[in-house]
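Everything below concerns the one structure shown next.
Number of protein chains: 2
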Amino acid sequence: MDAQLRRHIEVHLPNYLEGLKRLCRQPSVAAQSHGVHECAELVRQMLQDLSFRAQVLPTRDPRYPVVYAERAGRSPRTLLFYNHFDVQPAEPLELWESPPFEPQERDGRVFARGVSDDKGHLAARLAALEALLTVQGDLPCTVKFCIEGAEEIGSPGFAEFVEEHRDLLKADVCVWEGGSVDWRGDPEIALGLKGILYVELEVRSASRDSHSSYATVVPNPAWRLVWALSTLKDQQERVLIPGFYDAVRPPTALEREAVAKMPADDEQLKQELGVKRFLKGLRGQDYLQRHLFEPTCTICGMESGYTGEGTKTVLPATARAKVDFRLVPHQRPEDILEKLKAHLAARGFSDVTVKAADGENPSRTAMDSPFVELVRKTAREVFGREPVLVPTSAGSGPMYCISEGLGLPIASFGVGSPTDKIHAPNENVQVANFLKGVLHVAELLVQFGKG
Amino acid sequence: MDAQLRRHIEVHLPNYLEGLKRLCRQPSVAAQSHGVHECAELVRQMLQDLSFRAQVLPTRDPRYPVVYAERAGRSPRTLLFYNHFDVQPAEPLELWESPPFEPQERDGRVFARGVSDDKGHLAARLAALEALLTVQGDLPCTVKFCIEGAEEIGSPGFAEFVEEHRDLLKADVCVWEGGSVDWRGDPEIALGLKGILYVELEVRSASRDSHSSYATVVPNPAWRLVWALSTLKDQQERVLIPGFYDAVRPPTALEREAVAKMPADDEQLKQELGVKRFLKGLRGQDYLQRHLFEPTCTICGMESGYTGEGTKTVLPATARAKVDFRLVPHQRPEDILEKLKAHLAARGFSDVTVKAADGENPSRTAMDSPFVELVRKTAREVFGREPVLVPTSAGSGPMYCISEGLGLPIASFGVGSPTDKIHAPNENVQVANFLKGVLHVAELLVQFGKG
């Protein structure tokens, strides 16, 4: 890597961290419509400060704009960055050691909601661009940004946005929102995401709560919900919705081999999460293969009746559950939703209403793509360690809109680590990883421009 | 009824309602330890104002004192009143039309938490005593009060209190906390209560919430709780805990006949609760017999994970449910608790912890007791309508401590109505019923003193 470029980045790290904190100070919780537009404008301004043509564009839902930006470089080859500026809700607030929207640096980490998912990755990319522009005067290739504001709630309207802006988003390759080093410190390069379907189930059986002595005759929505949920998955973790697994294609040999080369981080993960034993006692490779290639059905939340202190003998009037399904190729959220509804109806749960958020398809990029090789090579040079190719992450996102929709190879990598506590209290990012991430993006752009 | 006594009561109704409001202004939520001691002192003061020897006595739990009071009368025959001054939590607060602890009179009703359950009944008894003392100069019989402060949380320590104060509580008959007219306006006299067991089930599978993509391998306490709950009762409302029904004795012929004379209030009840159809489509007598004679298993509340607005893809670390069991003769809460624990263990749910509040036994007084006949006769005279004998209420309370423990016949009647919304927002009592309740107690004491 060019010594002057490296030195510039290392010297200006404090400025780059200040940029990251500036992003984190601005709340942007899509689920609660908290600060989303303000954050879009902040991101647009930061890109304009780097002389990008930057604009805030509407999606079909006025609550969730997209920031689009581009700047031509020495080479016409075009790299598209996908990021998101929205974050998960910060609750439960009482478990944070410092306030979620007041970034704090301690023990070599920066703590804030969204600092790892996904503002850290965005800030590192902006930092790499600043360095290239200052040191070289221009960019080695053409760079585009597409930064959405509703990734954490399933990217409503993003698929249509991409479809409607095919020309604007035209590129040769795409770098996805982010990634992390593994437990050993080796950089991961992920090539796929799971899909997702998120539903809310609700049962309402009376106009008000009543005294629990009426349980002899008054239907209890909590029981109805419990019974309905218990028909969705058995205790061996098999989803019982008829046809749920029909569209699942088993992983390819290349994908299985790539996973076989990955370190099994099960012991670290168990410690990190405070879990004694994984489901079915899975360990090592068995754990990894299941974690990456299996679809899931998860109760994310449920609520009914009295949940305060002490006892209250009440018969609830309503019960609600939030459930997500993580999907693998070639499952489709709209198909799973129909099967879920049909299953509930067939099992006699027509009193359980199903409200679905927009779903997302799963996505995979071919493991032998030349762009994947370039990302791997530059990561190896910057980190001084052999990168780990990950056929798919266990998480979800609208990757398919661009991989399928625009036909681009996509690689995802970034500044995270397995201990970042994304989606949880005390989310953080390590300063050392952030620095390496800036270096990697800068070097990738240099070599991509030459290619 | 003596005309002077009746007139005194009718003229002083506004004073008696002021006494009721004074009681309701004092919060006394046992489940939240809110105002319990202050309310005990208020009740003691109000009894002392009637020249009762009144004292606040401790139970084994210092949070829940009992108010005991007595005053000798012309006859040594002794009537014991059981009441409770504690109330249910007022939540959900946003559904109250006027604040729960600021009693408001409108449309012929007084609205406040506890105004029907149980402060209205207590205030009516104090009012009858005031009238007798003012009009007659003394009481027709000896009167004792035992007023506890933890009925709504299952009366912890009350059974021991009664056992330890057998001499103090010595009496010939007992009038229980309260009762109501039925949907037609006929006064009900109830002779029994169901027992109760209240438990909290909890599952904890990790030290913190995690990203829901880990649902492939990380145990989900919400699923564990749903599966465990689903083994407790089937969709035909049959409790599945082995041995649950073993101790149930079927209702006697007299009890069944009494219920057969009761009006079936199912249509009114459905309208009041906003329920379209009762369980199993029960109506009329089928509904009544089941409602009064069947034990129940009820989810009173449950909570896990994210229950706020929008979507959050989180895997919860804990899940909790509150469950109550209403018991009939001769089920025993400690026996049901053991069977519940054994069932969960046998079904592989050793990860579900069970925490039980103190339980209560069911209770029944013989339908042909002379005291029951006296209560019926005086009610008929005051209300001008034939009273309805109810072999048992569907609710619970520590009646067995006195019926079994002290061997007293017990009748329960009072100032309530089926639309009082006890345990729910906008609890209220009708002023017209309150007045009749005062008259009835006064006349009963007069005739009991003669007998």
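Chains as they are written, first to last, in the numbering used here: chain V, 8 to 458; chain R, 8 to 458.
Virtual Cβ for every residue (Gly too), placed ideally from N, Cα, C.
Quick caveat: nothing in here was measured; it's all calculated off a predicted structure.
Residue i, buried or exposed, once every other Cβ within 10 Å from all chains shown has been counted against 16
{"i": "Tyr75/V", "result": "buried"}
{"i": "Asn22/V", "result": "exposed"}
{"i": "Leu247/R", "result": "exposed"}
{"i": "Lys329/V", "result": "buried"}
{"i": "Leu100/V", "result": "exposed"}
{"i": "Lys287/V", "result": "exposed"}
{"i": "Pro107/V", "result": "buried"}
{"i": "Lys126/V", "result": "buried"}
{"i": "Pro302/V", "result": "buried"}
{"i": "Ala418/V", "result": "buried"}
{"i": "Gln278/R", "result": "exposed"}
{"i": "Lys362/R", "result": "exposed"}
{"i": "Ser2/V", "result": "One cannot answer for residue 2/V here, as it falls past the ends of chain V, which runs 8 to 458."}
{"i": "Pro83/R", "result": "exposed"}
{"i": "Asp114/V", "result": "exposed"}
Chain V within 8 Å of residue i, Cβ atoms only
{"i": "Ser123/R", "result": "no"}
{"i": "Trp183/R", "result": "no"}
{"i": "Gly80/R", "result": "no"}
{"i": "Trp190/R", "result": "no"}
{"i": "Arg84/R", "result": "no"}
{"i": "Asn227/R", "result": "yes"}
{"i": "Met309/R", "result": "yes"}
{"i": "Val96/R", "result": "The question names Val, yet the displayed sequence has Pro at residue 96/R. At least one chain V Cβ lies under 8 Å of Pro96/R."}
{"i": "Pro323/R", "result": "yes"}
{"i": "His128/R", "result": "no"}
{"i": "Gly115/R", "result": "no"}
Contacting residues, own chain, Cβ-Cβ under 7 Å from residue i (five flanking each side not counted)
{"i": "Asp4/R", "result": "Not covered by the structure: residue 4/R. The range shown for chain R is 8 to 458."}
{"i": "Cys408/R", "result": "Phe165, Ala166 and Val169"}
{"i": "Cys307/V", "result": "Lys329, Val330 and Asp331"}
{"i": "Gly402/R", "result": "Leu200 and Lys201"}
{"i": "Phe300/R", "result": "Pro258 and Val335"}
{"i": "Ala63/R", "result": "According to the sequence as given, residue 63/R is Val; it is not Ala. Here the set comprises Ala47, Glu48, Arg51, Pro72 and Val74."}
{"i": "Ala229/V", "result": "Ser311, Gly312, Pro323 and Ala326"}
Contacting residues, own chain, Cβ-Cβ under 6 Å from residue i (five flanking each side not counted)
{"i": "Leu102/R", "result": "Pro432"}
{"i": "Gly412/R", "result": "Val169"}
{"i": "Pro416/R", "result": "Val180, Thr372, Ser376 and Phe378"}
{"i": "Phe92/R", "result": "Ser35, Cys46, Val50, Ile154 and Gly156"}
{"i": "Ser400/R", "result": "Ala197 and Leu200"}
Residue-level contact to chain R via CB, residue i, 8 Å cutoff
{"i": "Arg256/V", "result": "no"}
{"i": "Arg215/V", "result": "yes"}
{"i": "Leu413/V", "result": "no"}
{"i": "Val359/V", "result": "no"}
{"i": "Trp103/V", "result": "no"}
{"i": "Asp331/V", "result": "yes"}
{"i": "Arg245/V", "result": "no"}
{"i": "Ile306/V", "result": "yes"}
{"i": "Gly318/V", "result": "One detail in the question is off: residue 318/V reads as Thr in this sequence, not Gly. Interface residue, yes."}
{"i": "Ala222/V", "result": "yes"}
{"i": "Tyr205/V", "result": "yes"}
Contacts around residue i, its chain only, beta-carbon distance under 8 Å, and the 5 residues preceding and following it disregarded
{"i": "Arg231/V", "result": "Val210, Ser212, Ala326, Phe356, Asp358 and Val359"}
{"i": "His41/V", "result": "Pro34 and Ser35"}
Check: residue i C-beta below 7 Å from any heavy atom of the ligand ATP
{"i": "His91/V", "result": "In the structure shown, the ligand ATP is absent, as is every other ligand, since no ligand is present at all."}
Near-chain A residues of the stretch 38-49 of chain V (beta-carbon distance less than 9 Å), N- to C-terminal order: Structure shown: chain A not included; protein chains present are V and R.
Residues, ordered as in the chain, of the stretch 407-432 of chain V that lie near chain R by beta-carbon distance below 9 Å: Lys428, Ile429, His430, Ala431 and Pro432
Three-pair Cβ contact test at 8 Å for the stretch 261-271 of chain V versus the stretch 194-211 of chain R: no
Three-pair Cβ contact test at 8 Å for the stretch 228-246 of chain R versus the stretch 360-370 of chain R: no
Contact the stretch 106-119 of chain R vs the stretch 54-69 of chain R: 3+ CB pairs below 8 Å: no
Three-pair Cβ contact test at 8 Å for the stretch 136-153 of chain V versus the stretch 9-17 of chain V: yes
Near-chain V residues of the stretch 154-172 of chain R (beta-carbon distance less than 7 Å), N- to C-terminal order: Ile160 and Gly161
Positions along the stretch 275-287 of chain V whose CB lies within less than 9 Å of some CB in chain R: Leu276, Lys277, Glu279, Leu280, Gly281, Val282, Lys283, Arg284, Phe285, Leu286 and Lys287
Stretch-stretch touch, CB-based, cutoff 8 Å, three pairs: the stretch 180-196 of chain R with the stretch 424-439 of chain R: yes
Against chain V: residues of the stretch 14-26 of chain R by CB proximity under 9 Å: none
The stretch 170-184 of chain R in contact with the stretch 85-93 of chain R per 3-pair CB rule at 8 Å: yes
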